[in-house]
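In case it helps, the working numbering puts the sequence shown at residues 1339 to 1516.
We put the CB at the ideal spot given by N, CA and C, even for glycine.
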Amino acid sequence: MSVTVVVSALVLFPACEKEETNIGKVEGTYEGWLTENDLKSGGTVFGNPVEATAEVTITGKNEIRVHCYSNDFDTTFMLNYFEHHDSAYVCFTDNDFEVMYGHIPGYGHMGGMINNMHDDETEWLYHMDDEHKGGDEHFGGFDMTDNTFWYRFQMMDGNMPYSLNFKGQKNKQKRHDS
């Protein structure tokens, strides 16, 4: 009887652990395209889609550095990422978070303790419930199934807003299917 209990415990124990195999999947080089979503009354920045690269590096727990560049565009910024099933979505960090959403990160759940998640709750749902109000906007994420990263850059040309959209595939041939 004691052998049965030990075998059952060995079989059940791994099922209780949170699977973290997707976390490292966000890091890497994504090759793809920058396209423009023209919100201005006329003209475009790039005209046609341009080839671009995003280098994503994990810098801490749920934190990444993104370096996105092309011939005429080069920016580096920090983001938090949160797993949600077969995806991971990104959100601003620190001061950028406060400027965008009007409060400091960690305000909703007293210091960012993801350990308080419910059994059926993903990191993303927990983040949205505790950090955001309805209508808060987010600008990118990762699809772990097809190894893609997408991000929408909010830009200004004088007083005219527009956005640049990056979509790239990790370690694959560049493609344009936005």
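- Leaving aside the five residues before and after R1490 along the sequence, list all residues of the same chain whose C-beta is less than 6 Å from its C-beta, in chain order. F1477, S1501 and N1503
- Query: Under the rule that 16 or more other beta-carbon atoms within 10 Å means buried, what is E1389, buried or exposed?
  - Reply: exposed
- Item | Close Cβ partners of D1458 (< 6 Å) along its chain, the five nearest in sequence each way excluded | none
- Message: Distance check for G1473 and G1398, CA to CA, integer angstroms please.
- Response: 28 Å
- Buried or exposed by the 16-neighbour rule on C-beta atoms within 10 Å, applied to K1508: buried
- Query: Tell me, which residues are paired with K1508 by DSSP?
  - Reply: Y1368
- Message: Helix, strand or coil, according to DSSP, for D1434 in the structure here?
- Response: helix
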